[in-house]
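To start, the structure itself, in structure tokens.
Number of protein chains: 2
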Amino acid sequence: MSREVVLEYRNTGGFDIIGSGRTKLEEEAQFDKVIENCQKLGIKALVVIGGDDSNTNACVLAEYFAQKKSGIQVIGVPKTIDGDLKNEVVETSFGFDTACKTYSELIGNIQRDANSAKKYYHFIRLMGRSASHICLECALETQPNVTIISEEVEQKGMTLDDLVTEIADVVMKRAENGYNFGTVLIPEGVVEFVPAMKKLIASLNDILAKYEAEVAVLETNRDRRDFVSTKLDEESAEVFTSLPNAFANQLMLDRDPHGNVQVSMIETEKLLIDMVKAKLKKRKKAGEFNGKFSGQSHFFGYEGRCATPSNFDADYCFTLGYTASLLISEGKTGYMASVKNLTAPADQWIPGGAPITMMMNMERRHGEMKPVIQKALVDLKGRPFLKLVENREDWAMNTRYLYPGPIQYFGPASVSDITTFTLQLEQAK
Amino acid sequence: MSREVVLEYRNTGGFDIIGSGRTKLEEEAQFDKVIENCQKLGIKALVVIGGDDSNTNACVLAEYFAQKKSGIQVIGVPKTIDGDLKNEVVETSFGFDTACKTYSELIGNIQRDANSAKKYYHFIRLMGRSASHICLECALETQPNVTIISEEVEQKGMTLDDLVTEIADVVMKRAENGYNFGTVLIPEGVVEFVPAMKKLIASLNDILAKYEAEVAVLETNRDRRDFVSTKLDEESAEVFTSLPNAFANQLMLDRDPHGNVQVSMIETEKLLIDMVKAKLKKRKKAGEFNGKFSGQSHFFGYEGRCATPSNFDADYCFTLGYTASLLISEGKTGYMASVKNLTAPADQWIPGGAPITMMMNMERRHGEMKPVIQKALVDLKGRPFLKLVENREDWAMNTRYLYPGPIQYFGPASVSDITTFTLQLEQAK
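First to last, the sequence lines map onto chains A and B.
According to my numbering, the first sequence is numbered sequentially starting from 117.
According to my numbering, the second sequence is numbered sequentially starting from 117.
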């Protein structure tokens with residue numbers, strides 16, 4: 117890789133120079149293959165760029181390489197737009213800033229449209245798998261009328277109907293103020309945080325794995341739904357059969373390589389629109405609701421994953437990469453590159469590194485206890501979430517939309533160089 | 117409206133200061149109501165901001181007001197992201213530049229992701245109703261692997277299967293080169309340009325209007341499909357029943373106020389993914405295809421409609437607004453504000469105006485001949501389309517993606533101030 121090649125890709129998004137993979141390294145045969153390939157290519161150090169899973173892998177690889185005296189070092193770098201790789205060593209993962217700003221640009225545009233046409237409720241689902249960091253950050257950047265935070269849904273033990281009621285109540289109260297439009301932010305993983313749905317999905321994962329052959333030969337979705345229903349326990353079967361067919365079908369779609377449901381394929385935003393509509397129809401009949409409700413659904417995922425990086429992310433990545441190379445030249449292995457003091461200007465950032473083992477916890481995976489990096493969920497006592505709670509009523513009843521516009525590279529630093537509200541609030545003195 | 121109020125909204129997108137409506141003014145009672153309201157409020161001139169329909173309205177209103185000697189002037193301003201209000205007087209409508217740049221930012225991001233993960237085909241449907249100007253401009257800005265242009269589909273009399281074959285062929289050839297990923301741009305109105313679908317949709321419009329009461333009482337989509345099928349002629353019934361249920365249901369959704377199908381609600385991108393998948397499965401069985409095909413669907417509409425405007429659109433709108441006010445002070449009515457020489461720097465732009473009647477044609481509407489402004493479709497002999505044709509094979513077989521990134525307001529003029537490829541190519545000497 118010459119300087120000329122690298123320069124073409126510098127400060128651009130994505131991984132189109134080196135590619136990207138999702139294969140999990142779990143078996144010794146795979147580890148040995150890595151050693152073999154590295155030795156063949158004369159590679160003395162590997163830099164693993166990824167989230168909690170990839171860096172857990174990096175740690176395991178480093179230990180194995182050391183034990184085998186292969187001489188190959190492994191350094192981890194925190195990358196995930198989801199923002200859930202965060203701990204004492206890692207203030208934020210790169211990509212989170214850019215993804216949130218890109219989604220917030222789009223949410224802002226939609227809010228401007230909502231406030232111009234004044235006739236639609238836009239239900240916007242945002243990528244981010246389990247944790248709701250993206251949803252929370254985008255809410256702070258755009259001030260929508262309703263923001264669902266999965267971690268809160270789980271803590272309160274909310275049902276789907278509770279969620280629908282919460283949204284329908286906002287629609288009703290806004291209608292009383294003359295507003296028949298609004299925006300609702302939905303984290304893509306929320307269905308897995310509704311206890312009854314979580315249980316249903318876990319059962320479906322097991323059933324679809326156990327009866328793979330039987331299900332594969334069924335021709336229609338209806339046949340598959342009927343078959344699966346008979347294998348569920350009574351409670352889950354009741355939930356499953358109460359869902360609209362299209363949504364139930366999505367819950368049965370192909371699992372990911374780890375046997376989990378692919379939350380990005382589940383159109384929760386459409387389900388919620390249908391359920392809110394049905395609830396408001398009932399309330400209208402009962403004379404409790406006199407407004408109008410018309411929903412539009414959106415899902416933002418891939419649009420924000422490989423966006424041209426914000427100045428913050430470009431600076432952060434450059435510093436992380438440089439730090440990783442220093443850790444290698446210092447002979448470290450099993451370390452994660454770390455850059456701290458990130459809300460200060462870049463020349464005051466503090467590069468460093470720490471053993472990945474420091475971040476490991478024992479968790480049950482496939483029935484076995486394994487050391488893994490714990491996913492950081494939204495802290496319901498943290499300042500970013502409390503900021504949302506503090507403003508929730510005001511943002512719901514009024515129209516306090518912010519329109520952040522597109523990421524800027526030039527112009528005043530207050531526009532182009534600041535990072536997320538999340539990080540600023542977390543680090544506020 | 118004080119200067120202070122206006123300043124807060126200057127150079128921002130959308131219509132949240134004045135709101136936006138879609139009500140068509142067609143009856144004299146409505147015209148009289150406008151006069152009454154204007155007189156009550158002391159309004160001496162109306163500025164109508166909109167596309168072909170709104171400006172047709174502006175023209176009719178102006179004539180009526182003059183005939184009634186109301187003394188109220190009417191001036192039109194060309195606004196539509198669709199880019200289909202374009203003629204000798206109007207070089208482009210405002211909003212087209214911003215919308216295309218916003219969509220192209222997102223398409224570029226998705227292409228970067230496609231080229232990083234190297235495992236998905238992204239089918240991206242773009243707003244723009246009938247005309248494919250947005251799709252064509254975005255293709256020129258991002259160089260995707262496949263671009264469908266509705267006007268070409270109609271000219272060639274293509275069937276859905278022809279479209280699917282075209283895409284499947286590209287997927288096959290790319291797989292032979294080792295590429296199992298790509299991007300496909302789809303104009304939202306394309307189904308209305310496939311002759312058999314156009315006929316089906318026209319029949320459905322009539323049937324759903326004629327049997328409104330009968331259809332309204334049917335409980336399920338299946339019942340509605342069965343009922344509608346019996347009313348279609350043989351050819352359309354065959355097309356209708358061959359469609360996947362979900363798609364057939366979308367074709368039966370509520371019509372817009374003009375009785376037309378709402379193309380934004382029809383998920384053509386999902387239909388095409390399913391059909392391409394089915395075709396490739398057959399080819400795989402026949403040993404003709406050895407690659408992989410996995411589709412991801414996207415629809416971009418509202419995200420680009422009220423975006424923060426590009427410098428070009430902000431300058432253009434300001435000039436149009438100022439020009440409209442000059443036309444009013446000159447006593448004109450029934451004129452459209454016009455600004456020419458738009459690919460030159462803004463200080464060389466040429467403001468002016470022309471009677472809207474100059475743009476009118478007689479067209480059949482609801483069985484009657486009426487004067488309307490003709491929608492400008494993509495010119496299949498024009499330079500923008502020919503540029504696409506010239507590069508089509510190369511962009512399909514190779515990976516020539518461009519990643520335009522977000523709209524910039526600061527920095528070099530070559531980044532922040534240039535307008536669309538469409539306009540540049542149309543005006544190239």
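Glycine residues also receive a C-beta, built at the ideal position from the N, C-alpha and C atoms.
As the structure is a computational prediction, the values presented were derived from the model and not from experiment.
Residue i: buried (16+ other C-beta within 10 angstroms of its C-beta) or exposed?
{"i": "B:K93", "result": "Only positions 117 to 545 of chain B appear in the structure, and residue 93 of chain B is not among them; the question remains open."}
{"i": "A:G447", "result": "exposed"}
{"i": "A:R119", "result": "exposed"}
{"i": "A:Q155", "result": "exposed"}
{"i": "B:N153", "result": "exposed"}
{"i": "B:V121", "result": "exposed"}
{"i": "A:L168", "result": "The sequence shown places Asp at residue 168 of chain A, not Leu. With 16 or more other Cβ atoms within 10 Å, it is buried."}
{"i": "B:Y432", "result": "buried"}
{"i": "B:K149", "result": "exposed"}
{"i": "A:N231", "result": "buried"}
{"i": "A:R134", "result": "The sequence shown places Ile at residue 134 of chain A, not Arg. So A:I134 ends up on the exposed side."}
{"i": "A:M313", "result": "buried"}
{"i": "A:N225", "result": "buried"}
{"i": "B:E142", "result": "exposed"}
{"i": "A:S209", "result": "buried"}
{"i": "A:M117", "result": "exposed"}
{"i": "B:N406", "result": "exposed"}
{"i": "B:M475", "result": "buried"}
{"i": "B:T449", "result": "buried"}
Report the three-state DSSP secondary structure of residue i (helix, strand or coil).
{"i": "A:N225", "result": "helix"}
{"i": "A:Y519", "result": "coil"}
{"i": "A:L496", "result": "coil"}
{"i": "A:T346", "result": "helix"}
{"i": "A:M243", "result": "coil"}
{"i": "A:L141", "result": "coil"}
{"i": "A:K234", "result": "coil"}
{"i": "A:P260", "result": "coil"}
{"i": "A:V377", "result": "coil"}
{"i": "A:P311", "result": "helix"}
{"i": "A:N514", "result": "coil"}
{"i": "B:Q524", "result": "coil"}
{"i": "B:M391", "result": "helix"}
{"i": "B:R508", "result": "helix"}
{"i": "B:S530", "result": "helix"}
{"i": "B:F537", "result": "helix"}
{"i": "A:A291", "result": "helix"}
{"i": "A:F131", "result": "coil"}
{"i": "A:D285", "result": "helix"}
Bridge partners of residue i, per DSSP?
{"i": "A:E383", "result": "DSSP, once it has assigned bridges, lists no residue as partnering A:E383."}
{"i": "B:E120", "result": "B:E120 pairs with nothing; no bridge assigned."}
{"i": "B:V488", "result": "B:N477"}
{"i": "B:P303", "result": "B:L242"}
{"i": "B:G298", "result": "B:Y237"}
Are there three or more Cβ pairs, one per stretch, closer than 8 Å when the segment 187-200 of chain A is compared with the segment 450-465 of chain A? yes
Can you check the segment 143-231 of chain A for any alpha helix (DSSP H) of at least 4 residues that lies completely inside it and give the ranges in chain order? 144-157 and 168-183
Please give the ranges of any beta strand (DSSP E) in the segment 445-477 of chain A, keeping only runs that are unbroken, at least 3 residues long and fully inside the region. 451-456 and 466-471
Scan the segment 393-439 of chain A and note each continuous beta strand (DSSP E) run of 3 residues or more that stays entirely inside, going in chain order. 411-416
Entirely within the segment 318-368 of chain A and at least 4 residues each: give me those alpha helix (DSSP H) ranges in chain order. 328-332, 337-347, 350-358 and 361-367
Between the segment 428-445 of chain A and the segment 245-253 of chain B, do at least 3 Cβ pairs fall closer than 8 Å? no
For the 8 Å Cβ check, are there 3 or more pairs between the segment 209-229 of chain A and the segment 420-438 of chain A? yes
For the 8 Å Cβ check, are there 3 or more pairs between the segment 234-250 of chain A and the segment 260-271 of chain A? yes
Does the pairing of the segment 233-241 of chain B with the segment 353-369 of chain B give three or more beta-carbon distances under 8 Å? no
The segment 321-330 of chain A contacting the segment 288-304 of chain A, beta-carbon criterion three pairs below 8 Å: no
Are the segment 275-289 of chain B and the segment 386-399 of chain B touching by the rule of at least three beta carbon pairs closer than 8 Å? yes
When the Cβ atoms of the segment 162-176 of chain B are set against those of the segment 471-489 of chain B, are three or more pairs found closer than 8 Å? yes
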